[in-house]
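Structure, as structure tokens:
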């Protein structure tokens with residue numbers, strides 16, 4: 010096959026994939042349409058075909074890994090084992106990722122309150138034989154123990170009314186139990202280092218208030234948190250600045266990063282910005298994702314190397330370890 014033929018074949022396959030992605034649009038609220046993929050990381054992933062994680066895993070929405078920078082950081086921060094707490098686990102992608110790819114002893118805790126998502130978390134844990142490594146909790150994280158109403162919105166399910174222009178509210182709501190992270194995870198009872206990922210669709214401030222003892226613990230060396238403006242009612246997150254201030258009080262260095270929006274790898278997608286880059290009054294300048302870390306020389310070195318590592322991570326995201334190793338052996 011000539012080089013030109015290869016290019017034509019590649020274009021045809023990409024066009025076919027784009028058409029497949031378009032046909033998924035009518036499925037947005039069809040919970041019974043599910044799919045299963047085997048990821049390049051070595052774990053099986055099951056879930057609704059329209060779920061953002063599944064669209065990325067099947068390469069229908071992006072040719073790169075799901076939330077590539079957050080995935081890379083999660084793998085880096087759990088390389089020495091310890092504890093990984095996945096708050097807002099959705100269908101379990103991040104929990105499965107670190108549990109599968111970390112050789113060191115690692116205990117994973119997956120927290121997901123929405124019943125339909127939690128069912129997939131449990132199914133994915135069982136399908137991968139990870140019941141000894143991942144514990145799952147069907148609760149939401151909040152400031153106080155109790156019950157709360159959550160929009161029945163799949164990937165974007167939220168405890169915030171009016172979230173995402175009210176799209177979630179239109180899908181109805183379910184009552185879910187709410188627990189304080191401090192009560193669930195006393196830091197003295199967890200093997201360190203502790204890494205926490207938080208994606209709770211606008212409820213970050215409440216979750217943080219219920220995790221004062223955990224977040225203040227020196228055993229926690231990194232927190233990855235989605236902390237955005239866009240989907241909040243009125244397009245403004247009134248507690249975003251307070252959340253950053255709280256994390257600084259706990260002794261963390263704060264770095265923001267923007268979600269990749271283009272269809273190609275760009276170095277700026279991997280840039281980590283200090284808080285003075287963010288403007289609370291200008292949501293377009295506010296990084297939607299934040300990394301809170303304890304000051305550390307190895308972290309400083311990682312920040313310098315991040316653009317190059319990010320590009321390599323993205324470009325090899327759908328290659329297995331065996332394929333990458335074979336390529337390395339040929340260098």
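Residue numbers (the working numbering): 10 to 340. We put the CB at the ideal spot given by N, CA and C, even for glycine.
Per the coordinates, the alpha-carbon of residue 134 lies some 11 angstroms from the alpha-carbon of residue 117. In this structure, DSSP gives residue 296 a state outside helix and strand, which the three-state scheme calls coil. Exclusion of the five residues before and after residue 49 leaves 326, 327, 328 and 329 as the residues of its chain whose Cβ lies within less than 7 angstroms of its Cβ. Proximity to residue 107 across 320, 206 and 293 peaks at 206, based on C-alpha coordinates. Residue 93 sits buried, since 16 or more C-beta atoms from the chains shown fall within 10 Å of its C-beta. In the three-state reduction of the DSSP assignment, residue 330 falls in the helix class, which pools H, G and I. Rounded to whole angstroms, the separation of the alpha carbons of residue 339 and residue 238 is 46 angstroms. Within the stretch 44-132, the complete beta strand (DSSP E) runs of at least 3 residues fall at 53-57, 91-96 and 115-120. DSSP places residue 233 in the strand class (E or B) of the three-state scheme. Cα atoms of residue 179 and residue 162: separation of roughly 9 angstroms, rounded to the nearest angstrom. Around the beta carbon of residue 209, a 10 Å sphere encloses 16 or more other beta carbons of the protein chains shown; the residue is thus reported as buried. Taking the Cβ atoms as the reference, residue 157 lies roughly 7 angstroms from residue 151, within the contact range of under 8 angstroms. Around residue 129, the same chain offers 55, 56, 100 and 101 as residues with beta carbons nearer than 7 angstroms, after the five sequence neighbours per side are excluded. For residue 257, the enclosing alpha helix (DSSP H) starts and ends at 249-258. Restricting attention to 236, 240, 248 and 302, the CA atom closest to the CA of residue 259 is found in 302.
The Cβ atoms of residue 319 and residue 296 lie no closer than 8 angstroms to each other.
Pairing residue 149 with residue 191 gives a Cβ-Cβ distance that is not under 8 angstroms.
Nearest to residue 249 by C-alpha distance, out of 264, 277, 211 and 227, is 211.
By alpha-carbon distance to residue 204, the top candidate from 112, 96 and 126 is 96. Using a 10 angstroms sphere on the CB of residue 78, the tally of other CB atoms reaches 16 or more, which defines it as buried. Of the candidates 251, 87, 230 and 181, the residue whose Cα lies closest to the Cα of residue 113 is 87. Under the three-state reduction of DSSP, residue 266 is assigned to strand.
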